[in-house]
Each structure stands twice: as C-alpha cells, then as structure tokens.
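Line by line, the protein sequences give chains Z and C.
Add 8 to a position in the first sequence, counting from 1, and you land on the number used in our numbering.
Add 8 to a position in the second sequence, counting from 1, and you land on the number used in our numbering.
2 protein chains.
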Amino acid sequence: MSQSMLALNNFAAAGMSALDPVERSLLERRSRTFGSGVPLFYARPLNFVRAEGVWMFDHEGRRYLDAYNNVPSVGHCHPHVVAAIARQAAQLNTHTRYLSDVVSSYAERLLGYFAAPLSRVLFTSSGTESVDLALRMAQYQTGGTGLVVTRFAYHGHSMAVAQITPAFGSGVALGAHVRTVAAPDGFRGTGPVAENFAAAVQAAIDDLERHGIGFAALVTDTLFTSDGVFADPAGFLRPAVDAVHRAGGLYVADEVQPGFGRTGSGMWGYSRHGIVPDIVVMGKPMGNGMPIAAVVTRAEILESLAAHTGYFNTFGGNTVCCAAAAAVLDVIEQESLIARAARVGGVLRSGVAALQARYPVIGDVRGAGLYLGVEIVAAADGQSPDTAAALRIVNGLRERQILISTCGAEGNVLKIRPPLQFSEENAAQLLEEIESLLRQG
Amino acid sequence: MSQSMLALNNFAAAGMSALDPVERSLLERRSRTFGSGVPLFYARPLNFVRAEGVWMFDHEGRRYLDAYNNVPSVGHCHPHVVAAIARQAAQLNTHTRYLSDVVSSYAERLLGYFAAPLSRVLFTSSGTESVDLALRMAQYQTGGTGLVVTRFAYHGHSMAVAQITPAFGSGVALGAHVRTVAAPDGFRGTGPVAENFAAAVQAAIDDLERHGIGFAALVTDTLFTSDGVFADPAGFLRPAVDAVHRAGGLYVADEVQPGFGRTGSGMWGYSRHGIVPDIVVMGKPMGNGMPIAAVVTRAEILESLAAHTGYFNTFGGNTVCCAAAAAVLDVIEQESLIARAARVGGVLRSGVAALQARYPVIGDVRGAGLYLGVEIVAAADGQSPDTAAALRIVNGLRERQILISTCGAEGNVLKIRPPLQFSEENAAQLLEEIESLLRQG
C-alpha cells in the first residue's frame, strides 16, 4: 500500500507506555468502541477537556498552543459564536423546507463574498457532502464523468469522493474515470509551474477522452494542502483552468482548507490566482466547529441539477448552524482576521525562512497567510524528504505543548495552520521552539 | 420522470398569492440564493421563527402543532439538550483525533442499546454519510457490490447513496449494481408479507449474481417509511434477512427514521422483527437537530474497513454533537419517551381506525409507535391511491395549524411523525381536525 494521509502523525502502540492512567483508560475505551480504524494524533495522544482562543487544555490543566486546528478558525469557543449557537438552539433548530430569515440572510451574506456569476448556494453538513454534490452537478452540467485531481489530493470520504482522493493510499481504489496529475510543485518540479501544471491537466483530459470518458471537471484544493501546500507563484492555476474550459469541463475549487480568510488575501484561495471557478466547495471553518458546509455555483449549473432532481439535506443549512456561521463572518470582519492572517502569517513565514538559512533540514517554506508548509529534507542534498525528522519535530513540539502536524505524499512537510487569532507572540513562541528542536538535531 | 419524493407536498407557484408580504419577500430571497431546486413544504409555505416542545411559531405568533418533525425528536428546543449544547460549545468543540471522555462516554452509552455482536461505532455528520459508509463497509466485507433496496426507498443524497434511492424518481439513475424489490405491502399486496418479501429479495440476489455482480447487501428502512410505512406483521423481515445471510450478504438496517425510540417498542425498529442486522445506520433524531449520525456494526466488519483505510470524519463525533446526543438519551430515558410513543401512538392509531370505519377514503392505517401511515384512497374501491385528497388533508391541516406530510410512491399516504413529547391531548386535536376535514369531504 502507498502512504495514506490517515497514517501521518498517528498514534503508535509504542507510545502507550508514556500515557498516564487517564489517557490509557481513554485509549482503551476508544479501541473498544471505535476499533482500530479511527486515526489518533501523536505517538503519545492528547486528551483535551477545554479550549479557548489559540489554547487547548488537557485533563491535567496543561496548556497547548494550537498551531494546527483550522476548524475553530476564529478561535476555540469564541464567545460571539458560542452565544449565537446557544441563542439559536434555544429558539429554533429546523430545516430548509420552511422559509427562514436566519437561513436566507446567511445565504445572502455568504454570496456577498463572491462575484457574479457565482450567485447560488446549497448548504450541506460537511466538506465531503459538498464535494460529492459538486461532482453530481459537474456530471449533470457537462454530461461527462471524467475527473482530474492532483496526486496526493484529499477531498473527502464518501464512496464517490474517496474515488478522487488518492491521499487514502492504495487501500482505496481510485475510480476508472479519474486521472491524477502531479501537484504544482515549485520546489521539486522543474520548469515553469503554471505551464507544467496546465500541460499535465491537458494530458489527463486527453487521456480520459481517449478512453471514451467524457471530461467533467478538474477538482483541486486552491492551496494544494494535502499535496504539501503549493501557493506560488500566485496565478499559476489560470492556464490549467483555461485548458479545462476549452475542453468543455468545469473547474471545482475546493476551498475547505483555504477558505474563510486563511490565505490572508481575501476570503477564498482561488482569488490569488485571478480565476473564477465554476463551482466552489467550502466547509471546515465555516461554522467554527458546527457542522456546516456549502456549494456555491452559477445559476445555470444549479438549475441543471434541479432539472434532474431537487436537493434536500436534512441538517444542511439548519438554523443553528447558519446562526453559528453568520457569527463566524461577524468575527472575521470585526477582528479583521484576513489582515491578521496576512500579517501574522508573514511573521511566521519570514521567521521560518530565517531558520532555513541556518538549518539545512528546512528545504522550503511556502504557503499563504496562516497556512504554511515547511519541507523537512535531508541536509545532505537539501531535497530528499525526511519524514522521520518531520515527525520528530511534530512530536517534539507536542512535548513542548505546541500542536502542528504534517502533510504531503511523503509526510515530511510540516503543516502549520493555527486558528486565525494567532498572534505575533504566538508565532514567536512557535518559532523559538522549532529552533530549539532544530538545535538539538 | 417518475414521481419524486422531493415533489411531495411542495410549494406551487399558485400558492404565491396567499402569502403575506413577509413570506413573499422570504420566498423571493430564497429563490435568489437557493435557485429552484430546494423543496419547500406546502402550497402555501410556512415561516417559523421559534419552536418549543411540539409547537412551532410563525412570524405572526401563530402556533402550529407539529405532528411531522422527527429530527427534534425529544421536542423542539428541549431545555436539557439546549443546555448541553451551550455548555459544551463554550468548553470545547473538537474532533476525534484527540482522546475525549465526552466522545467515548457517548459511544459506550449508545452501544449499550445494542446487543452483541454489534459492538463498534463510527460517527458521521448525516444519515447520508452513514449509509455511504455502510455501503463501503459492505463492499469491503463481502467483496461484492450488488445492492438490493425497496422500490420507493429513500436512503440519502450522496452520489453512491442516490444510486440506491429510487425515491428521487427517474431523474436520478439507479446504479447498474442495484436491484429494487416491492415493499412488504400488506395492504395492496396479496399473500403472506414475509414470504413474499423474502422471495423478492432472493430473486433480486439471483438476478445480480446472474449478471456477474457479487451480492453485498440488502438495505432497508426497518419501517419502510418512504415506501409508505410498512410495519406489520412484526417479524416479517426475518426470512428476507435469512436469505441475505445464506447468500453471503449483509443486512443493513436503516434506522434513520425509526430509530431512537419512535416505534414505541425499543430503541430500534429492527428489534420488532427479531433480527440482528450486520450494520445499523442512524441519524436524524440522534442530536435533536445537531448534525450527528452513526454506523454501528460488528468488530470484524469495522476491521475489514480498517484493513483498507482508516476513517476520519472532521465533524463526525465532535464533542458538541456528542454532548447533544448524550442529552437526547437522557431525555428519552428520563421522560420514558419510548413508552410514551407506544401509548400516544396507540391512541392516535385507534383514533384513525375509528375514523376509517366512518370515512372510506381512509383505506388503511398502519405503523408503529409515533410513526403512522394513513392510506388515502378512492372511496369507490377502497384501494386506488388518491393523492389529491391526501394533499387536501395535508394543506387543510396546515390551514388549521397542524403539520403533517405525505409519503409513499403515489404520495397518498399521510405521514404522521410528531416529536415524541406528543400527548394524548395533541393526538385528540389532530384527530378532531382530520375528522373535520373528512366531514367536509
């Protein structure tokens, strides 16, 4: 089997001896209910009992700096969001088969972050449901089924979406209607990123057509986070999207990771590339932990779905999740979190770049705003992925009470993705502890 | 196109003139954001702004008796559940990659409602995600892909699950690996329900095998609610499940509708049939509106999934949804809601049966606990579905401020499915208004 992203930074039985009785008991109870299939972070897992802003607390009251979790994007347990949830849960929690000002107001507000012709939204309960729905729309709109994704993409876990998620590894078969292309990797790749990526996408489309499979869509994360975080040069997506459109296909922008301001340059990752997707899917940070996700698209794409079938999702767009999501937008705006992501992300990035100059195990630092990928490589050649060293840093930071993880096909890229309330002071602490670990070698 | 369940009891443009300015404005805003594909209940839609127990209130303060909504199963905005949500949202909302007493305690408690060998659970965010995951498990466990469902079944809206959901109508293609069988209809069917159903399932399995499609699973709602509510004689599922097992397949019990006490005879609909499913999926009422759902199965079925891939679901089993779901179990137990469903459901059913004796448009009344199906038929023959008459009753009750809907392939079966706090007094009010409408003819 090839590497699975579910195996990155996972608990290993060897870590058992380091657990205290509380953790050990929880681990055993977990195995007896979840079995062995649900991944658990860290060689020595963590048990959190409360959280606030960028801090998480375990059962001993130990405080951890969260530089990993992007779902509580405006900060763990943000009081404005918590109040909105509590208020709406006490008033009404219902579905979209009734009229609702709460739901329509949120839909209008969310669409306000998109330019024409992206003017329609459907709500779901997860990024997976949103990607799955986007695939149905793309099939109905184009009449094709062929899909192109990057080589270590993660898009979700439903049966249809798992077929376009190579990050699950070889245990989960890709669909016969799916082609993968190399991620737009400016670090290991040679030649111009934009042209290379467009050529790879075109070749994949040609191959689909050669097999009699009509092309439906290119689906990518606009930050390529599972592949290892590829952000630059901004604009590189444009030629590939042009090729997709020339072939009569759609471009589906997966904004589950980059969306809601994380890139520090607008609400959506795609805007860095000067493109307009045909379909945009979003999820994780949308409700700061409440299960809400969405698909935004053009009116005619939605109507081509509606011509085949209506769409109703029991929990999708329920009033409580919409109230939470509206509060998230309040906080993003009131606390200027997009500007903050740019500012603090910049501090973090230049800090890592300064470390890179002194520690050759840092092969590359890249990303946008508060989403950073840091390549850990063999010092000898500055290129070969060093997964073990990356894991040592992740687990070392865990012992120093800082949370990050890894990504990329080789699992050697540090994934730094804190709540957007992360401060310059938090960034300094993270940089200091990384340096301390690098000094130890 | 064949009838779609999404078209049952829907808004029709003709109802527009009856709307007040508030409703009209909401309807227009909804169309501009959702397009035309999201179904809206009633010829004259409703706008709810708050709810409590079995009551929902519109913007004019008009009070509606809810005899329809099964998601807020322990009552709209139940204070015990609302308090649990508010408390946990303020404390910690995180995912299952950390240890958590909140999550493990709920998992243990939920599994306590199942007998061995059903001892493992995975959490998801919707019934759709749960059915989709069950299909993946069934494929990995059996090596087959063939699935058997009933003729107007609804199981969910992901691409894979839509392929086993004939209730979407002919606009959505069933999978080539899917066979449908007539629902176990003791009203229109002839001969013994159990034997007929088992024979139909066996024939479908044989047909799959004849086409070289290995049989994986029979998937049914244990109350056949979308098909029109078929509950009796209790035990009729057993021969079909035996046939499934003889063929090496799995039986997947979809408890999204009947689960969590609604049938009035235990937590799960399947227990009325004296069977043990291989996989059980549940959703809607689990968190009283919070998006949480689950798959319960045997250890070896979960491990056969784990042998191919881990399972991680970002929102699935988050601490806030688990806290809400635990509070739902508290209420079911503390308020003896299962016994109440049996008692009040019995009152309702005998009340409708009494009406049936006097009004021949009631062809049949059936169900279990607080899930009733009432066949509206042509008085002339007592058999032919009268969809228009059923819709007149649903819309007539809406004008009398009572909520129900319809189900069944012909949309002529009244679907009565109130929150479990429904009282004898509520039942009397519903019966009185139904009779008043029947008197008018």
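Backbone N, C-alpha and C fix where the C-beta goes; we use that ideal spot for every residue, glycine too.
Are the beta-carbon atoms of G269 (chain Z) and L428 (chain Z) separated by less than 8 Å?
-> Counted from its first residue, the first sequence places residue 269 (chain Z) at position 261. Counted from its first residue, the first sequence places residue 428 (chain Z) at position 420. Their beta carbons are under 8 Å apart, which means G269 (chain Z) touches L428 (chain Z) by this criterion.
Expressed to the nearest angstrom, what Euclidean distance is found between the alpha-carbon atoms of R71 (chain C) and G291 (chain C)?
-> In the second sequence, the residue the question calls residue 71 (chain C) occupies position 63. In the second sequence, the residue the question calls residue 291 (chain C) occupies position 283. Looking at the two C-alpha atoms, the distance is approximately 28 Å.
Count the C-beta pairs between the region 313-330 of chain C and the region 349-365 of chain Z that are closer than 8 Å, then say yes if the count reaches three, no if not.
-> no
Hey, does I93 (chain Z) have any beta-carbon neighbour from chain C nearer than 8 Å?
-> Along the first sequence, read from residue 1 onward, the residue named residue 93 (chain Z) stands at position 85. Yes, contact with chain C.
Whole angstroms is fine: what's the gap from L439 (chain Z)'s alpha carbon to G359 (chain Z)'s?
-> Position 431 of the first sequence, counted from the start, is the residue given in the question as residue 439 (chain Z). Position 351 of the first sequence, counted from the start, is the residue given in the question as residue 359 (chain Z). L439 (chain Z) and G359 (chain Z): Cα-Cα distance of roughly 7 Å.
Please report how far the alpha carbon of L345 (chain Z) lies from the alpha carbon of V62 (chain Z), in whole angstroms.
-> As a first step, residue 345 (chain Z) must be located in the first sequence, where it is residue number 337. As a first step, residue 62 (chain Z) must be located in the first sequence, where it is residue number 54. Distance between the alpha carbons of L345 (chain Z) and V62 (chain Z): 14 Å.
Taking a Cβ distance cut-off of 7 Å, strictly less, list which residues of the region 203-218 of chain C are near chain Z, in chain order.
-> none
Does the beta carbon of C85 (chain Z) sit closer than 8 Å to a beta carbon anywhere in chain C?
-> Here residue 85 (chain Z) is taken as the residue at index 77 of the first sequence, counted from 1. It does; some Cβ of chain C falls within 8 Å.
Can you tell me the Cα-Cα spacing of R447 (chain C) and P393 (chain C), whole angstroms?
-> Within the second sequence, the letter at position 439 stands for residue 447 (chain C). Within the second sequence, the letter at position 385 stands for residue 393 (chain C). Roughly 19 Å between the two C-alpha positions.
DSSP state of F65 (chain C), grouped into three classes?
-> In the second sequence, residue 65 (chain C) corresponds to position 57, counting from 1. Strand at F65 (chain C).
Could you tell me the distance, in whole angstroms, from the CA atom of G154 (chain C) to the CA atom of S279 (chain C)?
-> Translated into the one-based positions of the second sequence, residue 154 (chain C) becomes position 146. Translated into the one-based positions of the second sequence, residue 279 (chain C) becomes position 271. Cα-Cα distance, rounded: 25 Å.
Cβ of F49 (chain C) less than 8 Å from any chain Z Cβ?
-> Residue 49 (chain C) sits at position 41 when you count from the first residue of the second sequence. Cβ-Cβ to chain Z under 8 Å: yes for F49 (chain C).
For C85 (chain C), which three-state DSSP category applies?
-> Here residue 85 (chain C) refers to the residue found at position 77 of the second sequence. The answer is coil: DSSP assigns C85 (chain C) none of H, G, I, E or B.
C-alpha distance - M9 (chain C) paired with A398 (chain C), whole-angstrom precision | Here residue 9 (chain C) corresponds to residue number 1 of the second sequence, with the count starting at 1. Here residue 398 (chain C) corresponds to residue number 390 of the second sequence, with the count starting at 1. With a pLDDT of only 39 at M9 (chain C), under the threshold of 50, the placement of this residue in the model should not be trusted, and no figure is reported.
Out of C:G183, C:S444, C:I442, C:P426, which has the shortest C-alpha to C-alpha gap to E60 (chain C)?
-> As a first step, residue 60 (chain C) is located in the second sequence; it is residue number 52 there, counting from the start. Per the Cα distances, C:P426.
Would you list, in sequence order, the uninterrupted alpha helix (DSSP H) runs of no fewer than 4 residues that lie entirely inside the region 231-305 of chain C?
-> 246-254
Name the chain Z residues whose beta carbon is nearer than 7 Å to that of P427 (chain C)?
-> As a working note, residue 427 (chain C) is residue 419 in the second sequence. In chain order: nothing, as chain Z lies at least about 12 Å away.
Please classify T173 (chain Z): does DSSP put it in a helix, a strand, or coil?
-> Within the first sequence, the letter at position 165 stands for residue 173 (chain Z). DSSP places T173 (chain Z) in coil when its eight states are reduced to three.
Any chain Z beta carbon closer than 8 Å to T233 (chain C) | By 1-based counting over the second sequence, the position of residue 233 (chain C) is 225. By this cut-off, T233 (chain C) is not an interface position.
Tell me which same chain residues have a C-beta within less than 6 Å of the C-beta of R52 (chain C), skipping the five on either side of it?
-> Position 44 of the second sequence, counted from the start, is the residue given in the question as residue 52 (chain C). Same-chain partners within the cutoff: G23, A26.
Residues that P53 (chain Z) contacts on chain C, provided the C-beta gap is smaller than 9 Å | As a position in the first sequence, residue 53 (chain Z) is number 45, starting the count at 1. Within chain C, the residues near P53 (chain Z) are R105, Y106, L107.
Tell me, please, which residues DSSP counts as bridged to R187 (chain Z).
-> In the first sequence, counting from the first residue as 1, residue 187 (chain Z) sits at position 179. Note: R187 (chain Z) sits in a beta bridge opposite Z:V156.
L34 (chain Z) touches chain C at which residues, Cβ-Cβ below 8 Å?
-> Sequence index remark: in the first sequence, residue 34 (chain Z) carries index 26 (1-based). Within 8 Å Cβ-Cβ: L107, S108, D109, S112.
Go through its chain and collect everything with a Cβ distance to W276 (chain Z)'s Cβ below 6 Å, but skip five positions before and after it.
-> Taking the first sequence and counting its residues from 1, one reaches residue 276 (chain Z) at position 268. So the qualifying residues of the chain are E263, G267.
Between R218 (chain C) and the rest of its own chain, which residues show a CB-CB distance below 8 Å, the 5 nearest in sequence each way excluded?
-> Sequence index remark: in the second sequence, residue 218 (chain C) carries index 210 (1-based). Result list for R218 (chain C): empty, nothing under 8 Å.
Quick one: is A365 (chain Z) buried, meaning 16 or more other Cβ sit within 10 Å of its Cβ, or exposed?
-> Walking along the first sequence from the start, residue 365 (chain Z) turns up at place 357. Label assigned to A365 (chain Z): exposed.
According to the Cβ coordinates, are I412 (chain Z) and A75 (chain Z) closer than 8 Å?
-> Numbered from its first residue, the first sequence carries residue 412 (chain Z) at position 404. Numbered from its first residue, the first sequence carries residue 75 (chain Z) at position 67. Contact: yes.
Taking C-beta pairs closer than 7 Å, name the residues in chain C that G45 (chain Z) reaches, listed in chain order.
-> Position 37 of the first sequence holds residue 45 (chain Z). Per Cβ cutoff of 7 Å: L310, L313, A314, G318, Y319.
Within 10 angstroms of the Cβ of E137 (chain Z), are there 16 or more other Cβ atoms? Answer buried if so, exposed if not.
-> The residue labelled residue 137 (chain Z) in the question sits at position 129 within the first sequence. E137 (chain Z) should be labelled buried.
Listed from N- to C-terminal order along the chain, which residues in the region 286-311 of chain C have their beta-carbon within a distance smaller than 7 Å of any beta-carbon of chain Z?
-> K292, G297, P299, A307, L310, E311
Short check: CB of S133 (chain Z) to CB of S134 (chain C), under 8 Å?
-> Taking the first sequence and counting its residues from 1, one reaches residue 133 (chain Z) at position 125. Taking the second sequence and counting its residues from 1, one reaches residue 134 (chain C) at position 126. Result yes, Cβ atoms of S133 (chain Z) and S134 (chain C) sit closer than 8 Å.
In the DSSP assignment, find the unbroken alpha helix (DSSP H) run with V352 (chain C) in it and report its ends.
-> Here residue 352 (chain C) refers to the residue found at position 344 of the second sequence. 345-366 is the extent of the alpha helix (DSSP H) around V352 (chain C).
Span of the beta strand (DSSP E) holding E383 (chain C)?
-> Counting from 1 along the second sequence, the entry for residue 383 (chain C) is found at position 375. Where E383 (chain C) is concerned, the enclosing beta strand (DSSP E) stretches over 379-384.
Does any C-beta atom of chain C lie closer than 8 Å to the C-beta of G23 (chain Z)?
-> As a position in the first sequence, residue 23 (chain Z) is number 15, starting the count at 1. No, G23 (chain Z) lies away from the interface with chain C (no Cβ there is under 8 Å from its Cβ).
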